[in-house]
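Chemist: After the structure tokens below, expect a handful of questions from me.
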Amino acid sequence: MTLIFDSYVAALGPSTSILENRKNCQLNVGLRYPGGFQYSVFSADYRGYAALDKGVTGTQKSTYYFSGQSQQTSTQTDFYGPMSKDYLIHDEAEVTSTIWSPCGAQGLLNINSQVRLTSTDSKAKGVLTTDSIDTKFTQKIYYKWRKC
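Read in order, the letters of the sequence shown correspond to residues 1 to 148 in the UniProt record's numbering.
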């Protein structure tokens, strides 16, 4: 499954509002799948751009969980300044925290995605986006299937 977001950009700097330091998106995805099967999110690809001054840390994190279940799993990548480049990263969820959809029912998958910037230097600048050319964030999610 591929998700594309417009204008998903976190920014940091002396004249930038603190509200711009973190962007968040909560998605609820209903997948149709045959009875007798379950699925799990096991990895995700992220594509974007990071321009960070020295001392700036950027974080791209997604947390996955199914409605009605308390277990969740996350993928996360941290970027450290100084840097200025496009990125394509592949994150895998920890095997010990794999979550499975309900067996024999359609489970609503919740995805909480965020990009954020932090720095102890009040003069430092940074931008963490998810596509350097057309300001679109692309996230590919890979599933694992099993019989119930």
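Cβ atoms here follow ideal geometry from the backbone N, Cα and C, with glycine treated the same way.
(1) Where S21 and A124 are concerned, what is the direct C-alpha to C-alpha distance, given to the nearest angstrom?
(2) Hey, how far is the Cα of G58 from the Cα of G35?
(3) May I ask which residues mark the beginning and end of the beta strand (DSSP E) holding Q71?
(4) Helix, strand or coil for T135? Go by DSSP, reduced to three states.
(5) Measuring straight from C-alpha to C-alpha, what distance separates I18 and S122?
(6) Take the Cβ of Q26 as the centre, count every other Cβ of all protein chains shown within 10 Å, and call the residue buried at 16 or more, exposed below.
Modeler: Taking the geometry as given:
(1) The residue labelled residue 21 in the question sits at position 21 within the sequence shown. The residue labelled residue 124 in the question sits at position 124 within the sequence shown. Looking at the sequence shown, residue 21 is not Ser but Asn. Spanning the two alpha carbons is a distance of roughly 12 Å.
(2) Counted from its first residue, the sequence shown places residue 58 at position 58. Counted from its first residue, the sequence shown places residue 35 at position 35. Their backbone Cα atoms lie some 41 Å apart in a straight line.
(3) For the purposes of this step, residue 71 is identified with residue 71 of the sequence shown, where counting begins at 1. Neither: Q71 is in no beta strand (DSSP E) and is coded neither H nor E.
(4) Locating residue 135 in the sequence shown gives position 135, where the first residue counts as 1. Its pLDDT being 32, under 50, T135 is placed unreliably in this model, and the value from its coordinates should be taken loosely. Three-state result, T135: coil.
(5) Along the sequence shown, read from residue 1 onward, the residue named residue 18 stands at position 18. Along the sequence shown, read from residue 1 onward, the residue named residue 122 stands at position 122. Cα to Cα, I18 sits roughly 11 Å from S122.
(6) Sequence index remark: in the sequence shown, residue 26 carries index 26 (1-based). Looking at its Cβ environment, which holds fewer than 16 other Cβ atoms inside 10 Å, Q26 is exposed.
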